[in-house]
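Here is the structure we will look at, set down as structure tokens.
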Amino acid sequence: MAAMEAFETVHAHFKGPVRIALNKDQNSIMNLKNNLFVTVGADSSLFYWSLDIKNKLQYREELCTEDNVSCIAWWNKTVFLGQTSKDPITENEENRVVMVEYGKAIVNGVVAKFSLETCSLDCSSDGRYVVAASNDFVIKSFQLNEKHEVLKYDKYDTSDPVISVSVDPTGVYFAAVFSDSTVHIYRLNAEKDTFGQQKVDPLGKFSISNKKYLSKGDVLYSMAWSQNGEFLFLPTDNGVKVIVHTMSTNSFSEDCKWSCDVSEDFNNCAISSTGDKLAVSSTNGTIVVFDVNNGKCISDSCKPTTGITSLAWSPLEDQENTLIVCDTEQKTYLYEVKINDSLPSQASASGMKRKVITSDDEMDADDDEATNLSFDLGKIKQSCTLAMNDDEEEEKIVTERVVKYKPPKILPPFVTTSTPKTNVGCFFKWNNHGIIKLCCDDNESFIEASFHDISVHGEIIIDNTFNNFTMGDISNKAVVLASPKHGKKNPSKLFVKYFASWDNNSRDWEVEFEDSDESIVNVSLSDDYIAVATSYKFIRIYTLAGIQLNVFCYNGPLVTMIVKDNILVVVRYDGGAMFTGDKDEKGHSCVEYPLKMDFHYISSSKPTKSFPISLTPYSNLQFISFTPDFNIVTMDSKFNFFVFHIKSSTWLPIRRGSDLITHELDSIFPVFVTFSSAYQIRYVYVTNGQYPLVTHRNSIQVTTFEFPLLDKSTDRFALENQILLNKHFPSMNYTLDGKITNKAGILLRLFALATTTKRLVRAIDVAKMADEEKIIQALSNYAGKQNYRVLSEKVNEIGREMMERKKKEKKQVEFEGTCDDNDETISSNNVNMNPKSKITTPTVIAVPKRKYPKTPFNRSNTTTNNEDLNLSHSILEDEKNNGNEEDENNLLTQSSTTSELPLPRNLFSVNPFKKEVPPMPNESQVSAVTSSDDFFDSMSTPRVISPPVPTKRKADALVSDNALNLPKQAKLSFTPIPNSKPSSAYEYWRSKNEKTLREQYKGGENNEQGFIRFMAQKYRFLTEEERNKWAKEYEGNKVA
43 MAAMEAFETV
53 HAHFKGPVRI
63 ALNKDQNSIM
73 NLKNNLFVTV
83 GADSSLFYWS
93 LDIKNKLQYR
103 EELCTEDNVS
113 CIAWWNKTVF
123 LGQTSKDPIT
133 ENEENRVVMV
143 EYGKAIVNGV
153 VAKFSLETCS
163 LDCSSDGRYV
173 VAASNDFVIK
183 SFQLNEKHEV
193 LKYDKYDTSD
203 PVISVSVDPT
213 GVYFAAVFSD
223 STVHIYRLNA
233 EKDTFGQQKV
243 DPLGKFSISN
253 KKYLSKGDVL
263 YSMAWSQNGE
273 FLFLPTDNGV
283 KVIVHTMSTN
293 SFSEDCKWSC
303 DVSEDFNNCA
313 ISSTGDKLAV
323 SSTNGTIVVF
333 DVNNGKCISD
343 SCKPTTGITS
353 LAWSPLEDQE
363 NTLIVCDTEQ
373 KTYLYEVKIN
383 DSLPSQASAS
393 GMKRKVITSD
403 DEMDADDDEA
413 TNLSFDLGKI
423 KQSCTLAMND
433 DEEEEKIVTE
443 RVVKYKPPKI
453 LPPFVTTSTP
463 KTNVGCFFKW
473 NNHGIIKLCC
483 DDNESFIEAS
493 FHDISVHGEI
503 IIDNTFNNFT
513 MGDISNKAVV
523 LASPKHGKKN
533 PSKLFVKYFA
543 SWDNNSRDWE
553 VEFEDSDESI
563 VNVSLSDDYI
573 AVATSYKFIR
583 IYTLAGIQLN
593 VFCYNGPLVT
603 MIVKDNILVV
613 VRYDGGAMFT
623 GDKDEKGHSC
633 VEYPLKMDFH
643 YISSSKPTKS
653 FPISLTPYSN
663 LQFISFTPDF
673 NIVTMDSKFN
683 FFVFHIKSST
693 WLPIRRGSDL
703 ITHELDSIFP
713 VFVTFSSAYQ
723 IRYVYVTNGQ
733 YPLVTHRNSI
743 QVTTFEFPLL
753 DKSTDRFALE
763 NQILLNKHFP
773 SMNYTLDGKI
783 TNKAGILLRL
793 FALATTTKRL
803 VRAIDVAKMA
813 DEEKIIQALS
823 NYAGKQNYRV
833 LSEKVNEIGR
843 EMMERKKKEK
853 KQVEFEGTCD
863 DNDETISSNN
873 VNMNPKSKIT
883 TPTVIAVPKR
893 KYPKTPFNRS
903 NTTTNNEDLN
913 LSHSILEDEK
923 NNGNEEDENN
933 LLTQSSTTSE
943 LPLPRNLFSV
953 NPFKKEVPPM
963 PNESQVSAVT
973 SSDDFFDSMS
983 TPRVISPPVP
993 TKRKADALVS
1003 DNALNLPKQA
1013 KLSFTPIPNS
1023 KPSSAYEYWR
1033 SKNEKTLREQ
1043 YKGGENNEQG
1053 FIRFMAQKYR
1063 FLTEEERNKW
1073 AKEYEGNKVA
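Adding 42 to a residue's 1-based position in the sequence shown gives its number in the numbering used here.
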């Protein structure tokens, strides 16, 4: 055993063990020679070390107000210490981790408190995280801001005493060594986002040694990370054990063990500032140095006079082979390591060839190359024979192990708006109907289903101690619960509580998947159906009463599913993982999974439609739901919202999560989407976590759709957003500053902003968005008032082009309408005469044109509303024209009998809206009918009409054989009769919207009957609120 050259020792501390701390801030501007390292012992002193002009150690002592423990970490101007204080009155001890300004001993703040003394302490290289362990079996990690204020902390409860902790250089992971000679690796700030508190689920567990020499409790231990955080070096018996971190899978595995000639138990290690040398010391004080590149021992072992409590490499460049050592006698000194001559220098290390041992898969990939080589005998000899030149430098081969590829794992299926299970419970479902949550207390658990509207049903409590339900769904008619399979004795089960059933015996039913390995993985509920997804990739459809309607398969691993009415949307993986080579802010490999959603129609045989799902890069799906109008809204793990526009089959970004989250540790938990005058996303804002807890009172917040347009700080952002929103969602109201406006007001403001900033071409672009003449006229007038004459003329030109375009489109629609056999809008001379229900009537030879009373009904004998009568007439007209067309001869001969339905005279006429007076009937149009006294005979009796007396209302001009010689009907006038007042809310609505409706009408200009049916249909589509609005406006106008 060779000796190492030692510098002069310094006995500074009087009570140990003594710990060394180097500055972890790699970007620090502090002079290393004057600020070399800091030491702390079990006394009340803090020593700051430096080198004098002779490169000898010197220190400056600072006395602390409290007793220190042997725990220290140093980052830039802050030193973290473990201290123990005692209350002079109660004599109670307080154990804490404090912050001290570098160069002093005054406490600036308290980071943590423990019930027992601190046993280990470390900080990250960026100063953001501090990890401390205590003898009370607790580990705490703290996240600090730039002012070193604690933002949050995570608590790890352990089952064994902690000996040492170490944070990796990337600030993502930390390792903890326990007294049972095991090491656990955790992720910093990872599990906190899942359940609201840190969960002790290590990423890896490894045994340091089978000897369990750390269980004595009196052995200090330290470990070291490589500079890039890829390797963790653990001192063990006879050498060092290496743990490797696989970036692609974010997992840790045991790589190899470096051995030396010293048969001792090593417990301390330190890596050099250059990252190429690793020094380890044993419990007996023997020091050995390994080469990090190849794991070989590069120095002779040396045993100082006593044991070692801490060691570190000198950060000075001119002392690259010098160690800083503290021993069990509280002495501090420097050792210069003597590297063996066999170690290649760094300059020649680059020329060293590395032999890569590939896996079997990689060898198979090179079969072609190996085959070609086998035919070249010269190459075979060259690869197998040794070099003949003795003067040639011997080629050194370093074996490098290739880590076997481990494919990434996909996320398990989840029920949308549910949360993972915790010790206190979780949410099974949270939607617009109610909430299902699981509450856990000790060994008991129960399920609580509550409704937002208490008139639907009261709160439902179900015991879950033995059922083990893990998923569910809720509606205004039923509650569904399901459990997966748990072993052979507990099969998967579906339970339904159909509380809206009128039959008491049908309210509760369940299905068990007995004698099968099939297990339920997801459930979804609508007002009429229950969809159950199983592990066999089956989708089973049930009615609320328990009838099995269908079973079909889905493709690919399931993500989630939702159902509304008879539409089932199944979200699944549609391919393997895609690696981009990039890394996120935590150093994880960026992976993307393509997702697809399949639309299944439960009550019909329509084919399934599939569409890809768009998400933010490197994120996963967190939420999916229907909107009231059957669009799809999603949210990804980066809290960005998207909507699948059904009409255009396009994904639209409608909200950015960064606009809603105020702190990077907070998150959003959406629950459902509603619509009134605008779409509203209801969500729970979760502080310092990802999911809401069942024990907290969670309040609902609301946000609306907003496209992520640029220049959000400008005035035109809100205006452009309103234009774009109403382009894709016409049912939304134009809203500005909380007030409802119209498109003309939005465009006029945009136009004014463009002219104010003298962006005249931009103003032209605004004018092109107008779709009405009155908007163009308003923009032109505004431009004229602002003395932009050229702009005004350009706007007028746009208006003229728009009118010409509308005329062409109208003519094209008319032409297409006459050629479309399925179009019900046929001209007035070719009315569809085939009603759905055939009416038996006497044989008619010819029937004259009929006349009806001036008023549609007898006001003295009935109280029926005109609005309902007009709508009834329109409905009947629709029923008449939905049948198949007959040939032209049948139309001409049957028009007089089948174009009108027999209706009581005292109720309404056939066409109360028609204003035009048809030509007077000639005598040749009157024909004889069969002798009969039924209703149709009385309706067909010829009447003597006095020509001077005009009639305000007449039936449609019916086509007969003699009518072919009559002149063609003049073009219908769209101008209402002057001074005519509407007699109902429907007529008032029609008079106000007739011009707009005629522009929307796609039928012929002469087809007045078709236009009347079109207006009646539009009125029927109005909501009850809109009808009441028009009725109130009609009554007010009537009073005026």
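C-beta atoms are modelled at their ideal positions from N, C-alpha and C, and glycine is treated no differently.
If you're wondering where the values come from, they're calculated on a predicted model, not measured in any experiment.
From the DSSP output, in three-state form, read off R697 for me. strand
I'd like the span of the beta strand (DSSP E) that includes V214, first residue to last. Segment: none, V214 is in no beta strand (DSSP E) and carries neither H nor E.
From what residue to what residue does the beta strand (DSSP E) around G246 run? 246-249
Starting from S206, follow its DSSP beta bridges and name the residues at the other end. V219
By the 10 Å Cβ neighbour count, where 16 or more other Cβ atoms means buried, how is P462 classified, buried or exposed? exposed
Using three-state DSSP, classify W472 as helix, strand or coil. strand
Should S517 be labelled buried (16 or more other beta-carbon atoms within 10 Å of its own) or exposed? buried
What number of angstroms, rounded off, separates the C-alpha of I502 from the C-alpha of R229? 40 Å
According to DSSP, which residues form a beta bridge with D369? I350
When you compare each of F714, F681, Y721 to L702 by their alpha carbons, which one comes out closest? F681
Rounded to whole angstroms, what is the Cα-Cα separation between Q819 and N838? 7 Å
Using the beta-carbon count (16 or more within 10 Å), is K319 buried or exposed? buried
Any beta carbon of chain D sitting closer than 8 Å to that of F1056? Looking at the structure shown, chain D is missing, and only one protein chain is on hand.
Can you give me the C-alpha to C-alpha distance between M1057 and L1039, rounded to a whole angstrom? 7 Å
Is it buried or exposed, Q100, if we count other Cβ atoms within 10 angstroms and call 16 or more buried? exposed
Please state the DSSP three-state secondary structure of Y571. strand
Can V521 and I589 be called in contact, C-beta distance under 8 Å? no
Stretch pair the region 792-807 + the region 728-736: three plus CB contacts closer than 8 Å: no
Return the chain-ordered list of same chain residues with a C-beta closer than 6 Å to the C-beta of E136, the five sequence neighbours on each side being excluded. S127
Would you say the region 59-71 touches the region 271-289, given that touching needs at least three Cβ pairs under 8 Å? no
Output needed for K579: all residues of its chain with C-beta closer than 7 Å, excluding positions within five of it in sequence on either side, in chain order. C595, Y596
Does the ligand SAM have even one heavy atom less than 7 Å from the beta-carbon of G598? The ligand SAM is not among the ligands present in this structure, which contains no ligands whatsoever.
Straight-line gap, F641 to R1069 (C-alpha atoms, nearest Å): 34 Å
Helix, strand or coil: how does DSSP classify E1142 here? This structure gives no information on residue 1142, because the portion of the chain shown stretches from 43 to 1082.
Counting pairs of Cβ atoms below 8 Å between the region 805-817 and the region 827-838, do you hit three or more? yes
Let me check one thing: in DSSP terms, what residues is K182 bridge-paired to? A174, K197
Any contact of the region 604-612 with the region 561-572, i.e. 3+ C-beta pairs under 8 Å? yes
In angstroms, rounded to a whole number, what distance separates the CA positions of L637 and I655? 5 Å
Quick check for students: name the residue ranges of the alpha helix (DSSP H) that lie wholly in the region 106-167, counting only runs of 4 or more. none
If the criterion is Cβ atoms closer than 8 Å, does the pair S314 and M265 meet it? no
Please report the distance separating the alpha-carbon of E706 from that of E191. 16 Å
Give the single residue among I1054, I131, V152, I148 whose Cα lies nearest to the Cα of V140. V152
Is P59 buried or exposed, if buried means 16 or more other CB atoms sit within 10 Å of its CB? buried
Reduced DSSP category for N231 - H, G, I as helix; E, B as strand; rest coil: coil
Here's the rule: buried if 16 or more other CB atoms are within 10 angstroms of the residue's CB, otherwise exposed. What is M41? Because the chain here runs from 43 to 1082, residue 41 falls outside it and cannot be looked at.
8 Å contact criterion, which K1086 and G514 should meet: CB distance rounded: Nothing can be reported for residue 1086: it is not among the residues displayed for the chain, which extend from 43 to 1082.
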